[in-house]
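Just so we're aligned: the sequence shown equals residues 1226 to 1337 in this note's numbering. A quick write-up on the structure given underneath.
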Amino acid sequence: MVYETAGLIALLSIVIIYLQLRRGKNKPNDNQLKAQTVELRQINKQLQQGNNLFTAFIVQILARFKQTEAELKAATTENNSLKQTVHKLQQQLASVESERDEVRKICRSSRG
């Protein structure tokens, strides 16, 4: 019911504006047109300034994103390199422990 009432009010408003325009009411004179033109130019300039600020803001966000992305890529590369180093060291440790165990066996067998 509320939406129907709002729709009827909107439709009635449109009809009233149409009828006023048809009768010649609201015909702007030259001074009003000039004032509206000046106002529209000012609004256009403000919109352009807002657009420029928004564009600069987006460019800054993209630059930060690219920097963070590059840092993440570098950290990932370093992390992978460290993982490989750890794996190699674990293999070397296992080899050294194996050799140590062999030496212990030989030492025990030669004592006994």
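Idealized CB from N, CA, C, for every residue including glycine.
- Only residues of its own chain outside the window of five on either side were considered, and among them none has a CB closer than 8 Å to the CB of Ile1234.
- Distance from the CA atom of Val1263 to the CA atom of Asn1276, rounded to whole angstroms, is 20 Å.
- Straight-line spacing of the CA atoms in Ala1281 and Ser1320 works out to 58 Å.
- Across the structure, Gln1309 and Glu1327 are spaced so that their CA atoms are roughly 27 Å apart.
- Within the same chain, no Cβ atom closer than 6 Å to the Cβ of Asp1255 is found once the five residues on either side in sequence are excluded.
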